[in-house]
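Reading through the structure tokens given below for one structure.
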Amino acid sequence: MKTEEMTIIENREVAKDTYLLILGGFLEAQPGQYCSLSIPGFFLRRPLGIVANDGKRLSFLYKVVGEGTLALSRMKKGEKLDVFGPLGHGFEDRKNDSLLVSAGLGIAPILFLARTMKQEGKIFHLVCCFNSKSDIPLMEELKSLDPSITIVTLDGSVGIKGIFKDGLKDGESRKMCYCCGPLPFMKACEEHFSEGYLSLECRMGCGYGICNGCTVLSKDGKRKKICKDGPVFAFKEVAY
Numbered sequence: 001m002k003t004e005e006m007t008i009i010e011n012r013e014v015a016k017d018t019y020l021l022i023l024g025g026f027l028e029a030q031p032g033q034y035c036s037l038s039i040p041g042f043f044l045r046r047p048l049g050i051v052a053n054d055g056k057r058l059s060f061l062y063k064v065v066g067e068g069t070l071a072l073s074r075m076k077k078g079e080k081l082d083v084f085g086p087l088g089h090g091f092e093d094r095k096n097d098s099l100l101v102s103a104g105l106g107i108a109p110i111l112f113l114a115r116t117m118k119q120e121g122k123i124f125h126l127v128c129c130f131n132s133k134s135d136i137p138l139m140e141e142l143k144s145l146d147p148s149i150t151i152v153t154l155d156g157s158v159g160i161k162g163i164f165k166d167g168l169k170d171g172e173s174r175k176m177c178y179c180c181g182p183l184p185f186m187k188a189c190e191e192h193f194s195e196g197y198l199s200l201e202c203r204m205g206c207g208y209g210i211c212n213g214c215t216v217l218s219k220d221g222k223r224k225k226i227c228k229d230g231p232v233f234a235f236k237e238v239a240y
């Protein structure tokens, strides 16, 4: 991991209150890892999941949920950001013929995972869940990664109406699953699939396990640090 000052190439809204941030720079990163960004005027860094890392540019998706991310959304092309990373453990065990499932902003690490698996020549199927059509970012890119992508929306405004289970085909629950999304969503995924990995979403203060502000109980009764031991964990590893 390292700290590097990067220049904003692009920072635009790609869905309702959701922004794509592209920085000039490169870090050796695995899908599922993240970086902590220092936003001018704010003490704590903001952890953002990596969406793409093509050797020249580093991309993130983030949602405006507070003053920090609001300030970030107002930053312009050419401005500088201090980037610390890559951090945590990602999706290191990438198996062929897998199911990649996301809900909401959980699409960020799943997009990076899909890009990487496609480069590796692996087969996968995307099942992406959103509240509504207006919440879907980068639809064309999603379709280019998986032309047979399944989109599920709670209001039925696009794709299948319902929750992720409504978008699964026969036999898909027996495949390896990689997922990211809100905690209730990932708990449901763990109950539905026999094998897989999940990426936990959490506010992480320091990024390297010092502040103990992002611990989660593991099945062995110990506390694990999402920022350092995760954010990716195997199914049955987390006790919720």
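Numbered according to our numbering, the sequence shown spans residues 1 to 240. Glycine residues also receive a C-beta, built at the ideal position from the N, C-alpha and C atoms.
Rounded to the nearest angstrom, the gap between the Cα atoms of Lys56 and Ser157 is 36 angstroms.
The beta carbon of Cys206 lies closer than 6 angstroms to none in the same chain, with the five residues before and after it left out. For Ser36, the closest C-alpha among the options Gly49, Leu138, Gly25 is that of Gly49. Taking 8 angstroms as the cut-off, the beta carbon of Leu126 is found closer than this to the beta carbon of Thr150. Within the model, the alpha-carbon separation for Ala234 versus Pro137 is close to 27 angstroms.
Glu13 sits in a strand when the DSSP states are folded into three classes.
Residues of the same chain with a CB within less than 8 angstroms of the CB of Arg203, apart from the 5 flanking positions on each side, are Pro47, Gly213, Cys214 in chain order. The secondary-structure analysis by DSSP pairs Tyr34 across a beta bridge with Gly49, Leu87. Going by DSSP, Phe112 is part of the alpha helix (DSSP H) stretching over 107-119. Annotation: Leu99 to Glu172 spans about 7 angstroms, alpha carbon to alpha carbon. Positions of the alpha helix (DSSP H) runs, each at least 4 residues long and wholly inside the segment 119-194, are given as 139-145, 183-192 in order along the chain.
DSSP lists Ser218 as the bridge partner or partners of Val238. Arg223 has Leu217 as its beta-bridge partners, per DSSP.
Note on Ile22: 16 or more other CB atoms within 10 angstroms of its CB, so buried under the neighbour-count rule. For Pro109, the closest C-alpha among the options Lys236, Gly230, Ile163 is that of Gly230.
The C-beta distance from Met6 to Leu111 rounds to 20 angstroms, too long to meet the 8 angstroms contact threshold. Residue range 98-103 is occupied by the beta strand (DSSP E) that includes Ala103. Per the coordinates, the alpha-carbon of Ser144 lies some 31 angstroms from the alpha-carbon of Met1. The alpha-carbon of Ala114 is positioned some 22 angstroms away from that of Ile226.
Burial is judged here by how many other beta carbons sit within 10 angstroms of a residue's own beta carbon; Ser59 has at least 16 and is buried. Comparing alpha carbon positions, the residue from Tyr19, Leu70, Tyr178 closest to Ser134 is Tyr19.
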